[in-house]
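Written below as structure tokens is the structure these notes are about.
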Amino acid sequence: MLTFLTRGAERTAFSETTRQATARRSTALLDVARMTPDAALRHLGSAPEGLTAHDVRELTQRFGPNDIRHDRPAPAVVQFVKAFGNPFVLILLFLAGVLFITDVVMADPADGPDYKGVLTVSVMATISAVLRFWQEYRAGNAAEKLRAMVTTTAAVTRCVSGKPVSGERDIQGIVPGDILTLAAGDMLPADVRFLRTKDLQLNQSMLTGEAMPVEKSAEPLPPAVAGADGDASDDVDPLNADNLGFMGTSVVSGSGTAVVVATGNRTAFGSLAASLSGTRPETSFDVGIRKVSSTLIRFMLIMVPTVFVINGLTKDWTSAFLFGVTTAVGLTPEMLPLVVTANLAKGANLMAKHRVIVRRLNSIQNLGAMDVLATDKTGTLTEDRIVLEQHLDSTGRPSERTLLSAAVNAHFQTGLRGLLDRAILDAAGDELPRLTGAFTLVDEMPFDFARRRLSVVVEDLDGHTVVTKGAVEEVLSLCTHELVGRMPGGRAAPLAEDRRREIEELVAAQNALGLRVLAVAVREIPFAADGPRAEEDLPRTEYTVDDERDMTLLGFLTFLDPPKASAGPALASLARNGVAVKVITGDGALVAQKVCADVGLDTGHVVLGQETEALDLKQLGELAERTTLFAKVNPAQKARILEAMREHGHTVGYLGDGVNDAPALRTADVGISVDTAVDIAKESADIILLDKDLTVLEAGVIEGRRTFVNTMKYIKMTASSNFGNMFSVLVASAMLPFLPMIPVVALIQGLAYDVSMLTLPWDRVDRRELSRPRVWEAESLSRFMTRIGPLSSIFDISTYALMWFVFAANTPEHAALFQSGWFVESIISQTLIVHFLRTRRAPFLRSRASLPVLIATLAVCVFGLVLPFTGFGAGLGLVPLPWTYFPWLVLTLAAYCGVVQLAKRLFIRRFGAWI
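By this note's numbering, the letter at position 473 of the sequence shown is numbered 499, and the numbering carries on one by one without gaps.
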């Protein structure tokens, strides 16, 4: 427990350290963002003509190369050695060492060394460690993908002989203060402050999760507002600052000049890298297996010395030591690492058939234990593409005229088509060829961020038409009329003030649904006219923005990143299986609420990322309990929300596909991504969905729970059985003048039983056991061991009495008969009772084990029956049993099964659970 608390504290301390470092970087970025371009250059020690060679050398020595720190996988030898760190593997290695001393080094010269026990235990430990090593060796390292996320060169201006000289330079040589020139298609190699922009748009989705490009400018941010205590309070996220750009983001359109503010690990991208470096946080599986291991080890530390002392006082200390070692082996579920690995591997193979790749085997167990699924919105709940949701007239009714006019505008523009333009052209579909054939381009008024609109002038047989689309308020300010009535009989009516207010309310209603809205307007300039016209009202070959006037409003276009068809059913199935769903997104609240509503999530109160900053982990965990949607959340805040939920006692899964999701994927107990995700997200994830059908998550959750139940079957059945056997040994040790069982026979009995348990991964699991999240519970194991285990001792002791009084095996000369009788009863009862312990229902009748389990347990029972009658059994010290023994055996086994079934009902009635 102390180790658990310490590791939890270390994880929290690491998170807080990372958070504080991120806060310092944010403050430094915002300080520069609030400066004018000239002041920013002076602050960074730079100038418009760039840095000198001397400056670059000094800054390189100070800040190092513009490279992201990343972990490299440990050498294979180191990973192999670490694979032996499992507690049970260490116990097995210790026991192998003790057996080597007792059976080989200190062996009786007359009998010679006995390697059977040493080899048996050593093979178990080696196989478990090798399987673990192989799985971890194959797992990639997320941070290794960081270098692939940035370009190799950038356009840098530096001062050479007092003059600015531009050229392409390796991004590793870029330093704070460098002047960068950016154009469409460039990826930013560092965090920058823009000095000049022209129609500059960046795609920041890899950091923020927002699908739409964001506009950038060179204007300084307003000063921070002073709080009541006189300190400046900052509620601005640097990622939302209009004049800042970040490493790894890309230029969608326009151009700009920027000065580098931060490089390498000091960038926002570097903060993500820091959260991905080092040891992964302990997951629910890691904590659970450690607690269960500690419980079993504590029982061993109590039982083994007790058996040793009792046998030493009643017999000789050498035999007592040997039997104490045997007791330790008997209490150890030797096959636990193998059974767990076999369970997980079987689950991984089954999930692979559903096109789900399991990168880390333990994640299957965590998936079954998951009671909270947190998910990003973009690319996971949505298609990660913009679609035209509606094309409306000015009254809000569907309008083909609005769509076709917008398609003309999008098709004839000569600049770089954005996501909205492509969505419009896709929506126009088959009508597009007819439109392009009916018009020719005359002129264009390109988009700029001051006007926030784009116009094209096209010609048809009747004259010229100015077609404008853009931001609603900008386009609406140009309109004097609106189109009323449906095509083809529509007419232009004056746009009265009350209609403007109604239109604004219509647009606000669309925005409240999380939709992006553009307005479309036209101005007709016919060739012919009934009367004289001013020169500016005549068709001509060149037009300017002054011609965007006296326009007629056609209507509106609404856009949305649509939800995936499979998202709603998948989330509903998870809810039915006891998994609460939380949405944590970098997108705005309105858009996120719309998507959540579409996939069937009731969001209630929305919490913004900035609101979580002032909360400690306990407060944040309490807030997360009652919150379904977190919006405007940055990558560090995402990871911290997940950590808070984990500290609050939840097993948390996270579903994401962007770079901004990587820290959260790593922090979660189980990280889930999709095949279309960026590389770093896939490498950070534990499970990858090759198909976009999220309903496979339900199958994964059920498979995880099946894996857990079958693993716990082995642990509870074996631990309780071994505990009962050792309790019986305590009684025998105090009463008998000889050892109740030959040590090597005890090893063989345990091995035969454990081998049969390797079939448990293929066992059936009752549906009721799969209906809720399952977690490792050491307390539940202790209850099971102490209440169910001793039941076997009742019948062990009755067998002692049978052999002592009925068959007169009550002297050292008849010890072999006694030992053979208890061996047969012990191995058959231990194996037969598996069918009663594996289910809360009536065995064989209402819940039947799978065929492999039936065959394996039957084989062990037959093996136990015939071994004393074989030469191999004689070599172990066993003797044939009289036939009169077997009716007593049947009676004993029947009574044992009846008592266990009754005890099971009482146990379930009191504690409400079984496996």
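In this text, a Cβ means the ideal position worked out from N, Cα and C, and glycines have one as well.
Query                                                                                                                      : Result
Buried versus exposed, by CB contacts within 10 Å (16 or more), F937                                                       : exposed
Closest Cα partner of H417 within the set S503, P787 and T584                                                              : T584
Three CB pairs or more closer than 8 Å across the region 925-935 and the region 858-873                                    : yes
Span separating the alpha-carbon of L393 from that of R731                                                                 : 8 Å
Length of the line joining the Cα atoms of W940 and S746                                                                   : 13 Å
Cross-strand partners of Q198 (DSSP beta bridge)                                                                           : The partner list for Q198 (beta bridge, DSSP) is empty, contrary to what the question assumes.
Residue range of the alpha helix (DSSP H) that includes D342                                                               : Looking at the DSSP string, D342 is not in any alpha helix (DSSP H), and its letter there is neither H nor E.
Where the beta strand (DSSP E) through P520 begins and ends                                                                : R517 to P520
Touching by the beta-carbon criterion (3+ pairs, under 8 Å), the region 68-87 and the region 198-214                       : yes
Distance between beta carbons of V147 and L116, contact taken as under 8 Å                                                 : Wrong, their Cβ atoms sit about 12 Å apart, outside the cutoff.
Delimiting residues of the alpha helix (DSSP H) encompassing F870                                                          : Run containing F870: none; DSSP gives neither H nor E here.
Inter-residue Cα distance where the pair is V916 and S855                                                                  : 10 Å
N603 and E523 closer than 8 Å at C-beta                                                                                    : no
Under the three-state DSSP convention, the category E499 falls into                                                        : helix
Other residues of its chain near P816: CB distance less than 6 Å, five sequence neighbours each side excluded              : G750 and F753
Pair within 8 Å by beta-carbon distance, T491 and E550                                                                     : yes
Pair within 8 Å by beta-carbon distance, D419 and G581                                                                     : yes
Pairwise C-alpha distance: V735 and V791                                                                                   : 7 Å
Option nearest V484 by Cα separation, candidates Q439, R517 and A449                                                       : Q439
Residues near S954 in its chain [Cβ-Cβ closer than 6 Å; skip 5 each side]                                                  : With the chain covering 27 to 941 only, the question about residue 954 has no answer from this structure.
Best match in A618, L627 and T611 for proximity to A596 [C-alpha to C-alpha]                                               : L627
Helix, strand or coil at V879 [DSSP, three-state]                                                                          : helix
Chain-order list of residues whose beta-carbon lies under 6 Å from that of K372 (same chain, five-residue window excluded) : P787
Outcome for M761 when other beta-carbon atoms lying within 10 angstroms are tallied against a minimum of 16                : exposed
Exposure label - R935; buried when at least 16 CB within 10 Å                                                              : exposed
At least 3 beta-carbon pairs within less than 8 Å: the region 448-467 vs the region 429-436                                : yes
Where S759 falls, given that 16 or more other Cβ within 10 Å makes a residue buried                                        : buried
Secondary structure of Y141, DSSP reduced to three states                                                                  : coil
Start-to-end residues for the alpha helix (DSSP H) that takes in H507                                                      : Taken as a continuous stretch (DSSP letters only), H507 belongs to no alpha helix (DSSP H), being part of the beta strand (DSSP E) at C505 to V510.
Rounded separation between F272 and I450 - CA only                                                                         : 30 Å
First through last residue of the beta strand (DSSP E) which encompasses V771                                              : V771 -> not in any beta strand (DSSP E); alpha helix (DSSP H) instead, spanning P769 to M783.
Segment contact flag, the region 180-188 with the region 49-60, C-beta cutoff 8 Å, min 3 pairs                             : no
F473, DSSP secondary structure in three states                                                                             : strand
Residues near Y922 by beta carbon distance below 6 Å, same chain, minus five either side                                   : F821 and S855
P799 vs V609 beta-carbon contact at 8 Å                                                                                    : no
Residue of I823, R423, K708 and R88 minimising C-alpha distance to R386                                                    : K708
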